[in-house]
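Written below as structure tokens is the structure these notes are about.
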Amino acid sequence: MALTGRLGLLALVVAFVPLLVPSGAVLLGLWGLLLLGVVIDLCLAGNVRKLRFHREGDTRVRLGETAKAALIVENTGGRRVKAILRDAWQPSAGVSPRRTRINIPAGERRRIDQTFTPTRRGDRKAVTVVVRSVGPLGLAARQLSRSAPRTLRVLPAFPSRRHLPSRLARLRELTGLQATMIRGQGTEFDSLREYVVGDDVRSIDWRATARRGDVVVRTWRPERDRRLYLVLDTGRTSAGRLGDIPRLDCSMDAALLLAALASRAGDRVDLLAYDRTVRARCENASRTGLLSEMVEAMAPLEPALVESDAAGMVSAVMSRVRRRSLIVLLTELNPAAFEEGLLPLLPGLTARHLVLIAAVSDPAVDEMAAARGDIAAVYDAAAAERARADRRRLTAELRSFGVEVVDAPPDRIAPALADAYLALKAAGRL
Amino acid sequence: MVTAVGTTAEPTARQVAGRRWRSARGIVLVLLCVVAVGVALAALKPSRHPDDLDPGSPRPGGTRALVEILKGRGVGVAVSRDAADAASKAGAGTMLVVTRTERLTSSDLDRLRGSSGDLLLVEPGRETLAALAPGVEQDSPTFVIKADPECGLPAATLAGTIAFGESETYTAPPGVTSCYRQSGSPRLVQYQTGGRTVTVLGASRPLTNGHLTDEGNAALAMNLVGARSQVVWLIPDAHRDGSGGQAGDRTLSDLLPPGVKLFFLGLVVAVVPIALWRGRRLGPVVTEVLPVVVRSAETVTGRARLYRAHRARGRAADALRAGARDRIVPLLGLPRTVAQALPAQDPGAVREVVAAVAARSDHDERTVAMALYGLAPGEASYHWPSGQPGASGQPGPYGQAGAFAQAGEFAPTGPGGAEPADDAGLLALADLLDDLERQVRQS
């Protein structure tokens, strides 16, 4: 049950009546009339229990885009339902309109168009539909919450998509599919052809040259069907906010660009999200469905406020990946966490796989390092220099284990990781 | 020395106070204006002392002088503090002087109306006028002090000009005696009504001790008040002890008409549906689990605060030097491992770096060694080139750094070099390192 503003207004008007007619009986009589009106309204208001809800429209939307959906309300009761309806979603679903007036005759249905502009990645749920059915006099209403479940999956934004065309062009240069001077580099023997000026003299095949009487070079093409295993660290370090976005979202963006590039290059890509347990997995996806499957797997991931279990992560990777692979670990270069966790386990991993560690650095630290002016700024700069030195030392140590390290700020991590992959591919190290 | 521990991002207490003042100053200004206007109005309004027009009071506002003079002339004066008492004392042949009419209640006025004898109303209010001088109405007040009689009333014409001060004026029905007009409205009205003479005087000043001697005030007062042989001077008390049936005895609810009481009851009842209307939510509040996100640079900021809190100039200088070396050494074309070399481990590499940097900048080797490695002149691990004697103390181009090198303020303590003696030294070191890096980068 709910009362309306009209009843309050009438009660207020009634309060002024004794100034004209100073009689208690008149006042009591008017109050009785209002009460009677409330009872009539409650009896004659449309039945909320007889409403049926159906939903249709988008169930998936990329973060930053707008989804369209509709709530269809069917009145199976015998009376017209005149009501205010609130479709209650979680706030970050960004549903609009939040409240609608509905007026549905008995036996008919109405469609309420909605738009969703989510502000956060993940699954957004419809919690309840509240209907306040107002009586014919507009003095009182029957109110009820009904459930009409629905989930809107908000996918990662993947803003680094714009880097994909340029990287694909580089990839085509590498594989020789594009007409260039250099036919391609790699370790897989492709064919022999005549030497032209500019070719690497090391690629001259002297045996064939002797046979042909002309200088002949061997050409190579990059390997195909290599395996990439992307590991997303969702532990506490991934919760750090860089500007406005969490480190985890930057890592996801970089992983998506790398996966898109690698699948076009003919490599197989798997994904594992791990902190102390497996959070998400995307394995053996088809080449065409890879990106959508990865995005689906990533969408509900949230940073967990626990220290990542490096040993568990390594053993999970080792048990899943049999063939030699490129293992891309998207994490943070945190010296303390590394020294206790991953560093002792790296030799075992690098013995069987090629390991690439991609870390998103914080541009705020660089800003602090450049800060000057007063003594507080200089202490900030000193602390930032110290942090960068720690990071450099860790990077050098990781490289000494034969691990590739990509360390870049959020706006450059995705292309930097893609470039590192292309460089490895060009060098035939996959 | 630096005493404040706030960073530029955090507003200081002064800034916060300033912002609050700027946002609140409009309201404060309006409040001040209201207070100022109120004070001005209160100051302009003539204040009335409780003893004003009291026949027993010798204060300038009292009327003791007039009463004494009257008594001396053989006029009997009875002072009454209560309207009922005054009404009973008044009779044919008496003059009832009614003052301070703002203290009279409607029942008091009824009693006075029922009395007999002549009436002199001094500065009567509207209700008193309506009750005791029907037909006479209040007009606008006048501030013109002096006025001439301009009428045929003997009491006035004998007195001549009167100093009224601020005075009420009246509109009188036609045919009554009206004196001391100001733009047509008289200050003094006298007429016959209900078988008695009623006189309305618009100002109390002519009767008071302080102004009795002005102009013809005394004459007018004597003529008006002493017109009868017996005077009843009514000055009602402000506070009544309240014997049964008095107005002061009744509560607020007795005084309110029943309709108003019902109105308030109706308002109280109307609050209930309005509260229920506004208080009823349209369904539950939807909760959402929000991720915890911490600024990634939080630990770095924390370390900076620790440095500052403990004045860790040595550690801060080490970090700055190491960072600068890491950036400068690759620019020189030397391997990165050289950047990590310290004077104690590899003096040769250090000497190489210092020489290369000095060659590419306008700083001498002493300044460069001090900036990049914190080496004080004559330190064992580093041999100064013979051409530049470290002990000669010639000031470097970088004034500040040269100055503290001269003073020998660098104590060879930390692993990365000497510690600046104070905050200014650390600031100077940071600037010097920036300058070196810039010059090497541009060379």
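Chains as they are written, first to last, in the working numbering: chain A, 677 to 1106; chain B, 110 to 552. For each residue, glycine too, the CB sits at the ideal point set by N, CA and C.
| Query | Result |
| --- | --- |
| Under a Cβ-count criterion, where at least 16 other Cβ atoms within 10 Å of its own Cβ denotes burial, should Q790(A) be classed as buried or exposed? | buried |
| Taking CB distances under 9 Å as the criterion, tell me whether Q497(B) reaches chain A. | Because the pLDDT of Q497(B) is 41, which lies under 50, any placement of that residue in the model is unreliable, and the number read from its coordinates should be weighed accordingly. False, the Cβ-Cβ gap to chain A never drops below 9 Å. |
| With burial defined as no fewer than 16 other Cβ atoms inside 10 Å of the residue's Cβ, what is the status of K1101(A): buried or exposed? | buried |
| Quick test of the definition: if touching needs 3 or more C-beta pairs under 8 Å, does the segment 328 to 339 of chain B touch the segment 194 to 210 of chain B? | yes |
| Do P1086(A) and G919(A) come within 9 Å of each other at the CB atom, strictly closer than that value? | yes |
| Report all residues from its chain with a CB closer than 7 Å to the CB of V401(B); omit the five preceding and five following residues, and keep chain order. | none |
| From I1089(A) to I921(A), what does the alpha carbon distance come to, in whole angstroms? | 14 Å |
| Taking 9 Å as the CB-CB cut-off, is R1062(A) touching chain B? | yes |
| So the beta strand (DSSP E) Y1108(A) belongs to, where does it begin and stop? | Since the first residue of chain A shown is 677 and the last is 1106, residue 1108(A) is not available in this structure. |
| Measure the Cβ-Cβ separation of I780(A) and E732(A) and say whether it is below 9 Å. | no |
| Among the candidates T680(A), G700(A), L711(A), whose CA atom is the shortest distance from the CA of A759(A)? | T680(A) |
| Under 8 Å by Cβ, that's how I've got R952(A) and G988(A) pegged, so tell me the actual separation to the nearest angstrom. | 7 Å |
| Can you find at least 3 beta carbon pairs, one from the segment 766 to 776 of chain A and one from the segment 711 to 720 of chain A, that sit closer than 8 Å? | no |
| State buried or exposed for W386(B), treating a residue as buried only when at least 16 other CB atoms are found within 10 Å of its CB. | buried |
| Where DSSP assigns a beta bridge to P794(A), which residues make up the other side? | Paired residues: none, contrary to the question. |
| With a threshold of 6 Å on Cβ separation, who are the neighbours of V114(B) within its own chain once the five nearest residues in sequence on each side are excluded? | Bear in mind that a pLDDT of 39 at V114(B), under 50, signals an unreliable position, so the model cannot answer this. |
| Taking 9 Å as the CB-CB limit, is G375(B) close to chain A? | yes |
| Quick check on this structure: which residue in A327(B), A468(B), E528(B), R436(B) has the alpha carbon closest to the alpha carbon of R1064(A)? | R436(B) |
| Given that G392(B) touches chain A, what residues does it touch there, using C-beta distances under 7 Å? | R762, A764, T804, V806, S821 |
| Of the choices V893(A), R887(A), T885(A), S867(A), whose alpha-carbon is the least far from that of V873(A)? | V893(A) |
| I'd like to know if the segment 316 to 325 of chain B and the segment 289 to 302 of chain B are in contact, where contact means that at least 3 CB-CB pairs between them fall below 8 Å. | no |
| Strictly below 7 Å CB to CB, what residues from chain A border G368(B)? | P694, L695, P698 |
| Per DSSP, what kind of secondary structure is H839(A) in: helix, strand or coil? | helix |
| Between the alpha carbons of V409(B) and F1014(A), how many angstroms are there, rounded? | 17 Å |
| Near T210(B), which residues of its chain fall below 6 Å by C-beta distance, leaving aside the five closest residues on each side in sequence? | P233, G234, T237 |
| Helix, strand or coil for R1000(A)? Go by DSSP, reduced to three states. | coil |
| Find the nearest neighbour of D925(A) within the set R786(A), A975(A), A824(A), T752(A), judged by alpha-carbon distance. | A975(A) |
| Quick one, are the C-beta atoms of V1082(A) and L1093(A) less than 9 Å apart? | yes |
| Take Y905(A) as the anchor and find which of R944(A), E870(A), G1024(A), R1068(A) has the nearest alpha-carbon. | R944(A) |
| Ignore the nearest five residues each way along the sequence and tell me which others in P282(B)'s own chain have a CB closer than 6 Å to its CB. | G244 |
| Please list the partners that A956(A) has in chain B, where partner means a Cβ-to-Cβ separation under 9 Å. | None at all; the shortest Cβ gap to chain B is about 15 Å. |
| Output the distance between the C-alpha atoms of T308(B) and M331(B), rounded to the nearest integer angstrom. | 14 Å |
| Assuming S405(B) and R923(A) form a contact by the criterion Cβ under 8 Å, report the distance between their Cβ atoms to the nearest whole angstrom. | 6 Å |
| Evaluate D473(B) with the Cβ neighbour count: other Cβ atoms within 10 Å of its Cβ, from every protein chain shown; 16 or more gives buried, anything less gives exposed. | buried |
| Residues in its own chain within less than 6 Å of A678(A) by CB, not counting five upstream and five downstream? | R808, A817, Q819 |
| Between R1048(A) and chain B, is any beta-carbon pair separated by less than 9 Å? | yes |
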